[in-house]
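Here the structure is laid out as structure tokens; the discussion comes afterwards.
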Amino acid sequence: MTSLNNSGLQKTVAVIGGGPAGLMAAEVLAAGGMQVHVYDAMPSVGRKFLLAGKGGMNLTHSEAYDDFLSRYGARRPQIGPLLDQFSPDALRAWVHALGIETFIGSSGRVFPTDMKAAPLLRAWLHRLRQAGVGFHMRHRWLGWNEAGALSFETPQGPLAVNADSVVLALGGGSWARLGSDAKWVPLLAQREVALAPLLPANCGFEAGWSEYFREHFAGHHLKSVAITVAGNPVAGTPVAGTPVAGTPVSDGDRPELRKQGEFVITADGIEGSLVYALSAGLRDRIAASGSAQIYLDLLPDWSLQRVTDEVARPRGARSWSSHLQSRLGLKGVKTSLLRELVPAADFGQPLLLAQAIKALPLTLLAARPIDEAISSAGGVRFEGMDQGLMLKALPGVFCAGEMLDWEAPTGGYLLSACLASGRAAGNGVLSWLR
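My numbering applies: residue 414 is where the sequence shown begins, and numbers increase by one.
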């Protein structure tokens, strides 16, 4: 059905931002009969989407739905209704309709059969163009001019665009080189839109390595390890009265949090999937206390007693490195990490050394900069929008994607919520214009 404005012409919607959220909003709007134009500052759309898919395009997750929703922490009440309208199962069906088959990996994550993002994006863009969606690249949004029109900087010079409604899907603050540069923040702040500060999410942390350890082990992977954070704040759980993702929290009586997996030693500290899964709470603790301590279990499948017994066996003329490798299988970066963090005197005391192997304390000093993070927390607050994701301060302007104030771990949760919010914003526009 074609929708007409008061002059009898087809209504026009400008979607600013060509990532997954913006493209999904465009699809919904085009299907609803709108004349849709997508504007993006980059030379092509979906750049972060394509880069994220280089290691295998993780679309969503197949775990139980209630567990899935729990990944959104304090923002579950706001993200949940969006996902109810576009669930992980609905997302898979949508991908299949594009001609892309999917499968569930051993971890429960859902991938395209070929693991690639590019074929999915090509099929999607073809369908959007067939639906009449117009694309305008290298168009950087500058806000609104004095007449209330959208203002763009383009290769051909300044451009003013009038639209019946607007969807902003401009991304967060991570990976600025791909378009998510957060330059929209002051544009909305001056219009009195409610915003939470942008913070790094799914990020690495600085640990203050010695020069020797940094030079010799940066880039090394630690596999089959566990991290424990004692009294860790629940990821995304805010201080009472301030329901905003990224707000520092006090430890209180929180239970300890332990996760097993792998991560990477960097020149500055640590990063990788296991670290990202804990990053929200660690970031908030550092903001509140100046640092965060984690405990590394280098042999998570061994009991403390077993480790102690093996360490205590006579080592004869062997070095500690040879002894630990022979009795425990510890070698390489794991052994060197013990040397880095354990006092030399403790190597002569089996119980202390065994305790260090099972709970090696590591102090994290700072989160890495937001532009290095996989995603960001903070952004446009849900409290400043209606249920259709329209800004209360700017009627007719809707927001979607990572620029909203929420966060989630990697594993398909980020893309799922971006697509669901784009769909919700598109439906919000249709309801408002009609």
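Virtual Cβ for every residue (Gly too), placed ideally from N, Cα, C.
6 Å CB neighbourhood of residue i in its chain, flanking five on each side removed
i           : result
residue 455 : 592
residue 805 : 797
residue 633 : 678 and 746
residue 656 : Residue placement at residue 656 is flagged as unreliable, the pLDDT there being 29, under the threshold of 50; the coordinate-derived value follows with that caveat. Cβ within range, chain order: 487.
residue 782 : none
residue 629 : none
residue 659 : The predicted position of residue 659 is uncertain, since its pLDDT is 33 and thus under 50; a value taken from the coordinates is nonetheless stated next. Result list for residue 659: 612, 790 and 791, in chain order.
residue 725 : 763
residue 723 : 740 and 741
residue 744 : 738
Rounded Cβ spacing between residue i and residue j (contact assumed at less than 8 Å)
i           : j           : result
residue 540 : residue 523 : Between residue 523 and residue 540 the Cβ distance is about 20 Å, and since that is not below 8 Å, they are no contact.
residue 483 : residue 517 : 19 Å between Cβ atoms; not a contact.
residue 614 : residue 790 : 4 Å
residue 709 : residue 638 : 6 Å
residue 816 : residue 581 : 7 Å
residue 720 : residue 771 : 6 Å
residue 695 : residue 618 : 6 Å
residue 430 : residue 538 : Wrong, their Cβ atoms sit about 15 Å apart, outside the cutoff.
Unbroken beta strand (DSSP E) run spanning residue i, endpoints
i           : result
residue 549 : 547-550
residue 673 : 670-678
residue 811 : 810-812
residue 449 : 448-453
residue 425 : 425-429
residue 606 : Taken as a continuous stretch (DSSP letters only), residue 606 belongs to no beta strand (DSSP E), as it is neither H nor E.
residue 707 : 705-710
residue 557 : 553-557
residue 790 : 788-793
Nearest to residue i (by Cα), restricted to the options the options
i           : options               : result
residue 823 : 424, 616, 600 and 510 : 616
residue 701 : 779, 714, 570 and 798 : 779
residue 600 : 840, 820, 713 and 793 : 793
residue 604 : 556, 535, 568 and 439 : 556
residue 478 : 486, 469, 496 and 535 : 496
residue 554 : 534, 729, 428 and 437 : 428
residue 810 : 566, 432, 438 and 832 : 438
residue 498 : 818, 808 and 800      : 800
residue 718 : 744, 765 and 738      : 765
residue 458 : 434, 609 and 737      : 434
residue 451 : 470, 560, 743 and 544 : 544
residue 500 : 736, 535, 743 and 831 : 831
residue 443 : 548, 512, 519 and 508 : 548
residue 727 : 761, 744 and 493      : 761
residue 733 : 752, 550 and 716      : 752
residue 716 : 606, 698, 729 and 767 : 767
residue 682 : 714, 623 and 440      : 623
Beta-carbon contacts of residue i that lie in its chain and below 7 Å, excluding the five residues immediately before and after
i           : result
residue 558 : 564 and 573
residue 460 : 591 and 592
residue 526 : 514, 515 and 516
residue 846 : 416, 424, 577 and 578
residue 827 : 788 and 821
residue 654 : Residue placement at residue 654 cannot be trusted, given a pLDDT of 28 that sits under 50; the coordinates are not used to answer.
residue 521 : 474, 475 and 476
residue 466 : 529 and 530
residue 562 : 573, 574 and 575
residue 829 : 473, 496, 501 and 504
residue 834 : 434, 495, 802, 813, 814 and 817
residue 631 : 678, 679 and 680
Span of the alpha helix (DSSP H), counted from its first residue to its last, around residue i
i           : result
residue 461 : 460-465
residue 599 : 597-602
residue 831 : 826-846
residue 629 : 624-630
residue 753 : 746-754
residue 594 : First-last for residue 594: undefined, no H or E at that position.
residue 716 : Here residue 716 belongs to no alpha helix (DSSP H), and DSSP marks it neither H nor E.
residue 539 : 531-543
residue 490 : 489-498
Per-residue burial, residue i [other beta carbons within 10 Å of its own, 16 or more giving buried]
i           : result
residue 675 : exposed
residue 680 : exposed
residue 602 : exposed
residue 570 : exposed
residue 758 : exposed
residue 625 : exposed
residue 838 : buried
residue 491 : buried
residue 750 : buried
residue 422 : exposed
residue 620 : buried
residue 560 : exposed
Cutoff 8 Å: residue i Cβ touching any chain D Cβ
i           : result
residue 552 : Absent from the structure: chain D. Only one protein chain is present.
Residue i beta carbon near the ligand NAD (any heavy atom closer than 7 Å)
i           : result
residue 510 : You won't find the ligand NAD in this model; it holds no ligand whatsoever.
Contacts around residue i, its chain only, beta-carbon distance under 8 Å, and the 5 residues preceding and following it disregarded
i           : result
residue 754 : 769, 773, 774 and 775
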